[in-house]
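Going letter by letter, the sequence shown gives residues 0 to 280 in numbering that gives the first Met the number 0.
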Amino acid sequence: MKVIDMRCRPAYLHDFFGATPGSPEYATARWLNRRVGTRGNDEHFARSLTPEGFLDEVRDAGLSKAVVVGRHTPSQHLPNDLIHVIVQGHDELLGIGSIDPALQGIDGAITEIDRAINRLGLVGIDLEPGFGAPARHPDDALYWPIYEHLDQRGIPLFLMSGPTTPDPAFNNPGHLAKVAQAFPQLSIVCYHGYWPNVQQAIGVAFRYPNIYLVPDMYLFQPGSEAYVQASNGFLADQLLFGSSYPFRPIRQSIDDAQALGFNASALDKLLYGNAARLFGL
Numbered sequence: 000m001k002v003i004d005m006r007c008r009p010a011y012l013h014d015f016f017g018a019t020p021g022s023p024e025y026a027t028a029r030w031l032n033r034r035v036g037t038r039g040n041d042e043h044f045a046r047s048l049t050p051e052g053f054l055d056e057v058r059d060a061g062l063s064k065a066v067v068v069g070r071h072t073p074s075q076h077l078p079n080d081l082i083h084v085i086v087q088g089h090d091e092l093l094g095i096g097s098i099d100p101a102l103q104g105i106d107g108a109i110t111e112i113d114r115a116i117n118r119l120g121l122v123g124i125d126l127e128p129g130f131g132a133p134a135r136h137p138d139d140a141l142y143w144p145i146y147e148h149l150d151q152r153g154i155p156l157f158l159m160s161g162p163t164t165p166d167p168a169f170n171n172p173g174h175l176a177k178v179a180q181a182f183p184q185l186s187i188v189c190y191h192g193y194w195p196n197v198q199q200a201i202g203v204a205f206r207y208p209n210i211y212l213v214p215d216m217y218l219f220q221p222g223s224e225a226y227v228q229a230s231n232g233f234l235a236d237q238l239l240f241g242s243s244y245p246f247r248p249i250r251q252s253i254d255d256a257q258a259l260g261f262n263a264s265a266l267d268k269l270l271y272g273n274a275a276r277l278f279g280l
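What follows is the structure, encoded as structure tokens:
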């Protein structure tokens, strides 16, 4: 069985992921593991406090690829160069770069997109409108030149969503519609799948087949049964697997996904096929 984990980062990447044992952030990482259903040791992620430990975790979980995602927001910056250092030379790892045109300016953000893809070998660009200062929706005019550039270059767009958005009003999948309609060839990948607004997210994805949902750790939370039901039908080509490691064990998440009721075809697409097509593997 082939598996691509669309959201998988090592603990050593940042304190937010548990890089410093004994710190408040480390305690929060343990708490979040319990919150999203980790069974057993809630410090399992300590194995990935070193690069070697992270690679061992990825390999032992049986992943074909693990996608390491950057971030650029006023409150947290995971630089593209750091993502490059983590993934370079490892066939099991793919890197997603990040930008914030509100901080970098439009020209600066576009320049960084090209550098991340051309020089650093990253395979997509992450944008987090709801986590900006001020928070914005993805259909804000600020982002239109970014979408145009990604569309022209055939680079997938990754958007952050979900319940950790500082203002829940900005976790509204309805604002994807204008973007997906304006750029029908642009692949729009939504981390956290806009949970808990599952029905709305599925509705927008029903209308626009260039929208992809990655519920990752929220796939196992109440209300997410609708993702499974939709994937067994019209959403089969648009739902992708992610563990959210280090906040949930990789292998446990794979096993849990297999027990959710996906039919055989939908499960294969969820775990591997859709991501492989997205990245042209």
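Beta carbons are placed, not taken as given, at the ideal position from N, Cα and C, and that holds for glycine. For clarity, every value in this text was computed on a predicted model and none was experimentally measured.
### Message
Given a cut-off of 8 angstroms on the beta-carbon distance, is the pair Ile145 and Pro78 in contact?
### Response
Taking the first residue of the sequence shown as 1, we reach residue 145 at position 146. Taking the first residue of the sequence shown as 1, we reach residue 78 at position 79. Cβ distance not < 8 angstroms, so Ile145 and Pro78 don't count as in contact.
#### Entry: Gly17 to Ile253 span [Cα, whole Å]
Stepping through the sequence shown from its first residue, residue 17 is reached at position 18. Stepping through the sequence shown from its first residue, residue 253 is reached at position 254. Just so you know, the alpha carbons of Gly17 and Ile253 end up roughly 22 angstroms apart.
### Paired residues, beta bridge with Gly94 - DSSP
Here residue 94 refers to the residue found at position 95 of the sequence shown. According to DSSP, which records beta bridges pairwise, Gly94 is partnered with Val67.
### Query
Tell me which same chain residues have a C-beta within less than 6 angstroms of the C-beta of Arg247, skipping the five on either side of it?
Translated into positions along the sequence shown, residue 247 becomes position 248. The residues are Val35, Thr37, Met216.
### Task
Within the same chain, show all residues whose beta-carbon is closer than 7 angstroms to that of Pro183, passing over the 5 residues directly before and after it, in chain order.
Along the sequence shown, one-based indexing puts residue 183 at 184. So the qualifying residues of the chain are Asn209.
### Task
Determine contact between the region 155-171 and the region 108-126, defined as no fewer than three beta-carbon pairs at a distance below 8 angstroms.
Output reads yes: the region 108-126 touches the region 155-171.
### Query
The beta strand (DSSP E) spanning Asp125 covers which residue range?
Indexing the sequence shown from 1 puts residue 125 at position 126. Where Asp125 is concerned, the enclosing beta strand (DSSP E) stretches over 124-126.
### Task
Let me know the beta strand (DSSP E) ranges lying completely inside the region 102-157, each 3 residues or longer, listed in chain order.
Residue ranges of uninterrupted beta strand (DSSP E) with 3 or more members, entirely inside the region 102-157 and ordered along the chain, are 124-126.
### Query
Which residue or residues does DSSP assign as beta-bridge partners of Ile187?
Locating residue 187 in the sequence shown gives position 188, where the first residue counts as 1. Partner(s): Leu156, Ile210.
### Task
Please list the segments of the beta strand (DSSP E) lying wholly inside the region 242-269, counting only runs of 3 or more residues, in order along the chain.
Positions of the beta strand (DSSP E) runs, each at least 3 residues long and wholly inside the region 242-269, cannot be given because no such run exists.
### Query
With a CB to CB cut of under 8 angstroms and the five nearest residues on each side skipped, what residues in its chain are close to Thr164?
The residue you call residue 164 lines up with position 165 of the sequence shown. Within the same chain, Gly129, Phe130, Ala134, Asn170 come within 8 angstroms of Thr164 by CB-CB distance, once the 5 residues on both sides are set aside.
### Task
Would you kindly report the start and end of the unbroken alpha helix (DSSP H) that includes Gly52?
Start at 1 with the first residue of the sequence shown, and residue 52 comes out as number 53. From DSSP, the alpha helix (DSSP H) with Gly52 extends over 50-59.
### the region 6-15 contacting the region 61-71, beta-carbon criterion three pairs below 8 angstroms
Judged by Cβ distances under 8 angstroms, the region 6-15 makes contact with the region 61-71, as three or more pairs qualify.
### Query
If you drop the 5 nearest sequence neighbours on each side, which residues of the same chain put their C-beta closer than 7 angstroms to that of Pro195?
Residue mapping note: residue 195 aligns to position 196 of the sequence shown, counting from 1. Pro162, Gly222.
### Spatial distance of His148 from Gly21 (CA atoms)
Residue numbering aside, residue 148 sits at position 149 when the sequence shown is read from its first letter. Residue numbering aside, residue 21 sits at position 22 when the sequence shown is read from its first letter. Spanning the two alpha carbons is a distance of roughly 43 angstroms.
### Message
Distance check for Arg29 and Ser74, CA to CA, integer angstroms please.
### Response
Within the sequence shown, residue 74 is the residue found at index 75, counting from 1. Within the sequence shown, residue 29 is the residue found at index 30, counting from 1. C-alpha of Ser74 to C-alpha of Arg29: approximately 21 angstroms in a straight line.
### Message
Can you tell me where the alpha helix (DSSP H) holding Val227 begins and where it ends?
### Response
Counting from 1 along the sequence shown, the entry for residue 227 is found at position 228. Counted as a single uninterrupted DSSP element, the alpha helix (DSSP H) harbouring Val227 occupies residues 224-230.
### Task
Specify the secondary structure class of Asp236 as computed by DSSP and reduced to three states.
Numbered from 1 along the sequence shown, position 237 holds the residue referred to as residue 236. Shown here, Asp236 sits in coil according to DSSP, grouped into three states, outside any helix or strand.
### Query
Is it right to say Ala263 is buried, meaning 16 or more other beta carbons lie within 10 angstroms of its own, or is it exposed?
Stepping through the sequence shown from its first residue, residue 263 is reached at position 264. Per the 10 Å Cβ criterion, exposed.
### Through-space distance from Ala258 to Phe15, alpha-carbon basis
Locating residue 15 in the sequence shown gives position 16, counting from the first residue. Locating residue 258 in the sequence shown gives position 259, counting from the first residue. Cα to Cα, Phe15 sits roughly 30 angstroms from Ala258.
### For Ile116 and Phe44, the rounded distance between their alpha carbons
The sequence position of residue 44 within the sequence shown is 45, counting from 1. The sequence position of residue 116 within the sequence shown is 117, counting from 1. Going by the C-alpha atoms only, they are around 29 angstroms apart.
### Query
Val2: which of Arg46, Glu91, His174, Val197 sits nearest, CA to CA?
For the purposes of this step, residue 2 is taken as residue 3 along the sequence shown, with counting starting at 1. Cα-wise, what sits closest to Val2 is Glu91.
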